[in-house]
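**Student:** My structure is below; once you've seen it, I'll send some questions.
Protein chains: 2
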Amino acid sequence: MMAMGDNGAATIRDVAKLAGVAVSTASRALGGGSASSRTRAKVQEAARQLNFVPNQSARRLTGRRSGVVALVVDESTNALFQDDFISALLGQLGVSLAGAGLLPFLVLAPPDDAEGFRELLGRSEADGVIVASMHEGHHLAGMLEHLDRPVVFIGRPPGKIKCPYVDVDNYGGGYLAGRRLLERGCRRMAVIEGPKDMPTPYDRTAGFTDALAEEGLEPVMKISGSYDMEHGLAAMAAVLEAVPDVDGVFAHSDKIAAGALRVLHQEGRRVPEDVAIIGFDDLQAARLLTPQLTTLAQPLPDMAQAATEMLEHRLEHGEWKVSAQRFPVHLTVRDSA
Amino acid sequence: MMAMGDNGAATIRDVAKLAGVAVSTASRALGGGSASSRTRAKVQEAARQLNFVPNQSARRLTGRRSGVVALVVDESTNALFQDDFISALLGQLGVSLAGAGLLPFLVLAPPDDAEGFRELLGRSEADGVIVASMHEGHHLAGMLEHLDRPVVFIGRPPGKIKCPYVDVDNYGGGYLAGRRLLERGCRRMAVIEGPKDMPTPYDRTAGFTDALAEEGLEPVMKISGSYDMEHGLAAMAAVLEAVPDVDGVFAHSDKIAAGALRVLHQEGRRVPEDVAIIGFDDLQAARLLTPQLTTLAQPLPDMAQAATEMLEHRLEHGEWKVSAQRFPVHLTVRDSA
């Protein structure tokens with residue numbers, strides 16, 4: 001007999017074990033996420049055998065919990081959906097939570113409508129909250145601190161807030177970018193950075209710089225700005241002006257890389273033969289560009305799954321199992337470097 | 001004295017009138033959407049003068065209405081957020097609804113969890129529902145038909161459902177694409193179409209074909225498939241094989257156009273000099289590509305605002321003012337055609 005959850009009901013872990021797949025895979029397959037039809041069938045069969053019914057109200061009725069989880073993003077609604085990274089993250093959270101039998105909802109009101117948010121949160125009887133923003137957000141901070149239910153952050157929360165969180169290794173991503181360009185034979189590498197006053201760009205450049213230092217090199221130029229394509233256009237032009245024989249670029253976002261690619265194309269430089277470029281994020285656009293972008297992918301499914309499991313454990317056992325988890329980023333090698 | 005809403009409170013229309021801007025502009029400025037800082041200041045000043053407080057619970061407390069509106073998408077959660085078009089539409093709906101003092105929320109559960117959805121809808125006390133999906137969706141259809149609150153569709157609802165909706169003129173978009181390529185001097189134009197069994201691609205190709213017919217021409221080739229880049233890659237290669245001197249391409253999506261661009265680049269064809277390309281959707285990626293994509297933009301802010309106003313009118317007056325609205329698509333001219 002397999003181990004079962006507290007109340008004898010099968011958990012997603014039981015299903016994954018029986019199906020012989022990872023918990024995140026089982027969760028995806030049951031939550032409507034991407035999975036091969038063979039995997040989905042296997043997981044569904046295991047769920048059937050164990051009488052696991054994630055997406056109906058069965059699990060929600062097994063306690064005094066509502067089974068509802070609210071997702072919060074500290075961004076204007078417009079910015080939220082224009083940011084491919086955050087919207088992809090929300091999608092993954094939806095899949096992970098639904099796969100765990102939880103019912104996620106997202107309040108689409110400006111974050112400064114804290115009153116409206118609190119109202120809907122109360123009415124929904126949400127058991128917990130996941131804050132899905134990588135930015136330093138302060139609007140909702142006050143409210144979240146005094147919330148009477150558990151909160152998990154995606155990304156390290158702003159300084160004063162003590163909440164469990166999941167995060168990625170930006171330093172490690174920068175280091176991988178540096179190693180990749182070195183291995184390609186690049187010697188004169190520039191960094192087109194994100195905003196100067198945020199920790200993420202700082203960490204990415206630090207990792208990149210340390211990789212170069214191992215070969216006795218340092219970046220020939222660093223230019224900080226926004227994560228947008230416009231910054232990539234202006235910065236790449238400035239780099240070519242100052243260092244005409246630049247042979248490698250580490251862009252802190254795929255959008256920056258798209259701008260840099262255009263300038264190089266217009267100047268007749270071949271990518272990756274003359275100048276190799278690595279981006280960051282692995283947005284949909286990274287595949288659409290020509291050449292397809294080599295970039296650092298954040299493990300959104302793993303991050304979403306981890307946040308879900310942290311919250312689930314807290315709801316089931318009344319205490320946190322871990323208070324922070326950091327995930328590596330992966331180098332997705334395509335054609336630009 | 002200005003005309004005021006039913007209960008004497010200023011409406012968004014009053015604010016827009018006083019500020020001398022369109023209702024949609026006022027709504028965007030107050031809802032956290034894009035607006036110049038000058039416009040935002042003007043609208044905020046008008047809102048202050050009229051004591052219009054959209055984003056706090058003031059308006060929600062003026063009746064027995066909850067002020068909550070649920071957004072529904074008949075897609076797997078994952079697909080929802082991988083589709084830039086739908087996620088941009090949701091963002092605009094969030095902005096329009098918040099600008100009208102409504103509190104929008106999105107259920108992030110697979111659409112076949114109708115029970116969970118109904119549960120959360122009931123608990124939220126939502127006044128109404130907006131269904132934001134351009135696809136033929138059937139999973140939620142049964143539930144939506146028997147819902148005890150008003151529903152507005154974005155996109156014409158599936159055959160049997162009689163609900164008010166807003167839609168776009170796909171035929172007109174195809175016609176604009178044809179005119180544009182003809183004006184550029186193209187004579188041998190191919191269409192890389194979306195799925196064969198859906199009305200949208202049919203209408204787009206019909207408009208395109210009619211534009212060409214005015215000059216006594218017809219498409220040299222039509223290839224249908226998915227809206228994805230892979231279809232663009234395969235279809236563009238097939239077109240070059242069959243019609244080597246093709247000089248224009250109408251792609252039914254920006255992703256298809258991205259695939260076609262890559263094939264043309266690899267074959268050494270210059271865009272737009274040798275082959276001009278027009279896409280459809282105006283996704284973020286359209287600006288990131290080189291050359292930047294000329295494409296047909298769907299007026300998402302207008303569609304979102306219209307759906308919001310239809311629902312608002314129904315909630316305030318107990319009856320529908322209009323039952324369907326169709327919006328033109330606009331040709332966004334960039335570098336590819």
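Chains A and B supply the protein sequences, listed in that same order.
Throughout the first sequence, residue numbering follows UniProt numbering, covering 1 to 337 in sequence.
Throughout the second sequence, residue numbering follows UniProt numbering, covering 1 to 337 in sequence.
Beta carbons are placed, not taken as given, at the ideal position from N, Cα and C, and that holds for glycine.
Every value quoted in this text rests on a predicted model; they were computed, and no experiment measured them.
A/Ala260 and A/Phe280 look like a contact to me (Cβ under 8 Å); what is the Cβ gap, rounded to whole Å?
**Tutor:** A/Ala260 to A/Phe280, Cβ: 12 Å. No contact.
**Student:** Verify the CB distance criterion: does A/Arg59 have a CB-CB separation below 8 Å to chain B?
**Tutor:** Interpretation of A/Arg59 is limited by its pLDDT of 45, a score under 50 that renders its predicted location unreliable; no figure is taken from the coordinates.
**Student:** Between the C-alpha atoms of A/Leu210 and A/Tyr175, what's the straight-line distance to the nearest angstrom?
**Tutor:** The sequence given here has Asp at residue 210 of chain A, not Leu. Distance between the alpha carbons of A/Asp210 and A/Tyr175 is about 7 Å.
**Student:** At the level of alpha carbons, what is the spacing between B/His265 and B/Ile192?
**Tutor:** Looking at the two C-alpha atoms, the distance is approximately 17 Å.
**Student:** Exposed or buried, which one is A/Gly318 when buried takes at least 16 other CB atoms within 10 Å?
**Tutor:** Per the 10 Å Cβ criterion, exposed.
**Student:** Excluding five sequence neighbours on each side, which residues of the same chain lie with their C-beta closer than 6 Å to the C-beta of A/Gln325?
**Tutor:** Cβ neighbours of A/Gln325 beyond the five flanking positions: Val166, Ala306.
**Student:** List in chain order: all unbroken beta strand (DSSP E) runs of 3+ residues lying wholly within the region 167-221 of chain A.
**Tutor:** Counting only runs of 3 or more, we get 189-193.
**Student:** Could you tell me whether any Cβ in chain A is nearer than 8 Å to the Cβ of B/Gln49?
**Tutor:** So no, B/Gln49 is outside the interface.
**Student:** Considering only their Cβ atoms, is the gap separating B/Ala22 from B/Val43 smaller than 8 Å?
**Tutor:** Cβ distance not < 8 Å, so B/Val43 and B/Ala22 don't count as in contact.
**Student:** Going by beta-carbon coordinates alone, are B/Trp320 and B/Pro157 separated by less than 8 Å?
**Tutor:** For B/Trp320 and B/Pro157, no; Cβs fall outside 8 Å.
**Student:** Rounded C-beta distance between B/Val275 and B/Ala237? I'm assuming under 8 Å.
**Tutor:** About 13 Å; that fails the 8 Å criterion.
**Student:** For the beta strand (DSSP E) holding B/Val23, just list the boundary residues, first then last.
**Tutor:** It is not in any beta strand (DSSP E) - B/Val23 instead sits in the alpha helix (DSSP H) that spans 23-31.
**Student:** For A/Met1, is the classification buried or exposed, using 16 other Cβ atoms within 10 angstroms of its Cβ as the cut-off for buried?
**Tutor:** Here A/Met1 scores only 37 on pLDDT, less than 50, and its place in the model should not be relied on; the value that follows carries that caveat. Exposed: under 16 other Cβ atoms inside 10 Å.
**Student:** List the residues that DSSP assigns as beta-bridge partners of B/Phe123.
**Tutor:** The amino acid occupying residue 123 of chain B in the given sequence is Arg; Phe does not appear at that position. Partner(s): none; B/Arg123 has no beta bridge.
**Student:** By Cβ distance below 7 Å, which residues in the same chain neighbour B/Phe85 in space, the five residues on each side in sequence not counted?
**Tutor:** Same-chain partners within the cutoff: Asp281, Leu283.
**Student:** For the beta strand (DSSP E) containing A/Gly94, name the first residue and the last one.
**Tutor:** Element bounds for A/Gly94: not the beta strand (DSSP E) but the alpha helix (DSSP H), 84-99.
**Student:** When you measure from the CB of A/Ser87 to every non-hydrogen atom of the ligand HEM, does any distance come out below 7 Å?
**Tutor:** Absence of the ligand HEM is noted for the structure shown, with no ligands found whatsoever.
**Student:** Leaving aside the five residues before and after B/Ser323 along the sequence, list all residues of the same chain whose C-beta is less than 6 Å from its C-beta, in chain order.
**Tutor:** Closer than 6 Å at Cβ, skipping near neighbours: Pro164.
**Student:** Helix, strand or coil: how does DSSP classify B/Val131 here?
**Tutor:** Here B/Val131 sits in strand by DSSP.
**Student:** Counting only C-beta atoms, is A/Asp203 closer than 8 Å to chain B at any point?
**Tutor:** Taking Cβ atoms only, chain B never reaches closer than 8 Å to A/Asp203, which makes this a no.
**Student:** With a CB to CB cut of under 8 Å and the five nearest residues on each side skipped, what residues in its chain are close to A/Gln292?
**Tutor:** Excluding residues within five positions, the ones whose Cβ falls inside 8 Å are Ala286, Arg334, Asp335, Ser336.
**Student:** Which stretch, first to last residue, makes up the alpha helix (DSSP H) that contains A/Ala46?
**Tutor:** Looking at the DSSP string, the run of the alpha helix (DSSP H) that includes A/Ala46 is 37-49.
**Student:** Could you give the distance in angstroms between the alpha-carbon of A/Arg198 and the alpha-carbon of A/Pro328?
**Tutor:** Rather than Arg, the amino acid found at residue 198 of chain A in this sequence is Met. One C-alpha to the other measures close to 19 Å.
**Student:** Starting from the Cα of A/Asn51, find the closest Cα among A/Asp14, A/Gly225, A/Val68 and give me that residue.
**Tutor:** Looking at the Cα atoms, A/Asp14 is the closest of the given residues.
**Student:** According to DSSP, simplified to helix, strand and coil, what is B/Asp302?
**Tutor:** Correct three-state label for B/Asp302: helix.
**Student:** At the level of alpha carbons, what is the spacing between A/Leu103 and B/Asp74?
**Tutor:** Approximately 16 Å, taken between the alpha carbons.
**Student:** According to DSSP, is A/Thr308 part of a helix, a strand, or is it coil?
**Tutor:** Note: A/Thr308 maps to helix in three-state DSSP.
**Student:** With a 10 Å radius around its C-beta and 16 neighbouring C-beta atoms as the bar for buried, classify A/Asn7 as buried or exposed.
**Tutor:** Note that A/Asn7 scores a pLDDT of 47, beneath 50, so its modelled location is shaky; the value from the coordinates is reported in the next line. Flag for A/Asn7 reads exposed.
**Student:** Mind pulling the chain B residues with CB within less than 7 Å of A/Val68?
**Tutor:** Those are Leu120, listed as they occur along chain B.
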